[in-house]
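So the number in the numbering used here is just where the residue sits in the sequence shown, counting from 1, plus 10. All C-beta atoms, glycine included, are put in the ideal place defined by N, C-alpha and C. First the structure, in the form of structure tokens, and then the observations on it.
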Amino acid sequence: MKIAYSAEIGALQSSLGERIQRLRLSRNLDQRTTADKAGISHRALVNLEAGRGSTVETLLRTLKALDYLQGIEMLAPEITVDPLALLDNPKPQRRVRRKRGQRRATR
11 MKIAYSAEIG ALQSSLGERI QRLRLSRNLD QRTTADKAGI SHRALVNLEA
61 GRGSTVETLL RTLKALDYLQ GIEMLAPEIT VDPLALLDNP KPQRRVRRKR
111 GQRRATR
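Here is the structure:
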């Protein structure tokens with residue numbers, strides 16, 4: 011299942027929840043066992059899998075309980091530095107500034 015870049019937040023949460031549920035089922039674990047192993051409430055796991063909002067901590071605890079910490083790497087991969095880019099600018103970029111006259115995009 012491929013996710014469209016234009017998808018709404020609710021649709022993205024639902025998709026993530028479905029994927030976590032499939033991962034749990036592939037590990038042959040029920041919700042109560044997974045929640046206990048993760049140290050979260052059963053309701054928190056139900057909400058996560060249903061895409062009804064959850065905390066980052068609940069997501070991380072669940073991924074850890076499912077022995078799937080590489081999921082974190084997929085969510086936020088470590089950025090590597092291109093050695094050729096260091097020739098142009100030896101200091102890595104630490105922040106991005108908005109150009110004058112640009113306004114923030116509304117959510």
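**Message:** For serine 24 and threonine 72, what's the separation of their Cα atoms in angstroms?
**Reply:** 16 Å
**Asked** alanine 54 to aspartate 98, Cα distance in whole Å?
**Response** 48 Å
**Message:** Using a Cβ-Cβ cutoff of less than 7 Å, which residues in the same chain neighbour threonine 68 once the five nearest sequence positions on both sides are dropped?
**Reply:** Ile50, Ala54, Leu58
**Prompt:** When the Cα atoms are used, what is the spatial distance from arginine 37 to arginine 110?
**Reply:** 52 Å
**Item:** Residues near glutamine 31 by beta carbon distance below 8 Å, same chain, minus five either side
**Value:** Glu59
**Prompt:** Can you give the Cα-Cα distance for arginine 80 and lysine 74, rounded to whole angstroms?
**Reply:** With the sequence shown as reference, residue 80 is identified as glutamine, and arginine is not the correct amino acid for it. Approximately 9 Å between the Cα atoms of the pair.
**Request:** Pick out whichever of Glu83, Pro87, Ser64, Arg104 has its Cα sitting closest to the Cα of leucine 22.
**Result:** Ser64
**Message:** Determine whether the beta carbon atoms of histidine 52 and arginine 42 lie at a separation below 8 Å.
**Reply:** yes
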